[in-house]
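Residue numbers (the numbering used here): 556 to 711.
We put the beta carbon where it would ideally sit given N, CA and C, even for glycine.
What follows is a short report on a single structure.
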């Protein structure tokens with residue numbers, strides 16, 4: 556099942572969460588980077604924002620996307636739990652790594668695969684810019700990294 560444009564803000568958050576998954580015990584990833592990561596307040600569209608927290612263990616990920624009906628991340632309106640597994644492979648884009656992530660939660664996205672890229676810079680992680688590819692197929696994997704949205708490591 557492809558993620559539609561009407562789910563663009565959730566897709567962006569899901570993609571960010573899934574892109575972090577290679578940080579845990581996978582060949583090619585630095586060791587010791589498992590743990591919990593969090594975004595700052597991200598304005599998804601006028602009048603809506605979100606914060607995503609993600610935890611990684613082995614080849615599995617889990618996370619919570621908290622959505623807000625304002626641009627300041629005040630007074631949450633809904634939280635969505637996500638979970639799944641991932642595989643990574645080499646990429647030639649800006650020193651990034653390809654990551655293919657498969658959802659098991661939420662139920663309406665179970666089996667959905669998101670094709671993305673990521674790059675670690677210190678404790679900041681950058682992911683594929685969805686303006687260059689929506690990640691619904693390998694051919695539509697982003698072709699450059701997002702320059703503004705990142706996760707920061709908050710716990711081991």
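With a CB to CB cut of under 7 angstroms and the five nearest residues on each side skipped, what residues in its chain are close to residue i?
i           : result
residue 562 : Only weak support is given to the placement of residue 562: the predicted model assigns it a pLDDT of 47, under 50, and the question is left unresolved by the model.
residue 642 : 655
residue 648 : 672, 698, 699
residue 707 : 592, 593, 678, 679
residue 583 : Unreliable placement is indicated for residue 583, whose pLDDT of 41 sits below 50; no coordinate value is reported for it.
residue 560 : Only weak support is given to the placement of residue 560: the predicted model assigns it a pLDDT of 40, under 50, and the value that follows is read from those uncertain coordinates. Closer than 7 angstroms at Cβ, skipping near neighbours: no residue.
residue 630 : 623
Sorted by chain position, which residues of the same chain lie with C-beta nearer than 8 angstroms to residue i's C-beta, five sequence neighbours on each side aside?
i           : result
residue 618 : 572, 607, 608, 609, 610, 636, 637, 638
residue 598 : 604, 626
What does the Cβ neighbour count give for residue i, buried or exposed, with the cut at 16 atoms within 10 Å?
i           : result
residue 704 : buried
residue 709 : exposed
residue 692 : exposed
residue 711 : exposed
residue 627 : exposed
residue 600 : exposed
residue 702 : exposed
residue 688 : buried
residue 650 : exposed
residue 696 : buried
residue 683 : buried
Check for me: the beta strand (DSSP E) holding residue i runs from which residue to which?
i           : result
residue 655 : 652-660
residue 590 : 590-594
residue 599 : 597-600
residue 612 : 603-612
Determine the DSSP secondary structure at residue i, reduced to helix, strand or coil.
i           : result
residue 676 : strand
residue 702 : strand
residue 663 : helix
residue 638 : strand
residue 693 : helix
residue 647 : coil
residue 687 : helix
residue 627 : coil
residue 711 : coil
Take residue i and list the residues in its own chain whose beta-carbon comes closer than 6 angstroms to its own, dropping the five residues that flank it on each side.
i           : result
residue 622 : 605, 632, 633
residue 620 : 568, 605, 607, 635
residue 615 : 640
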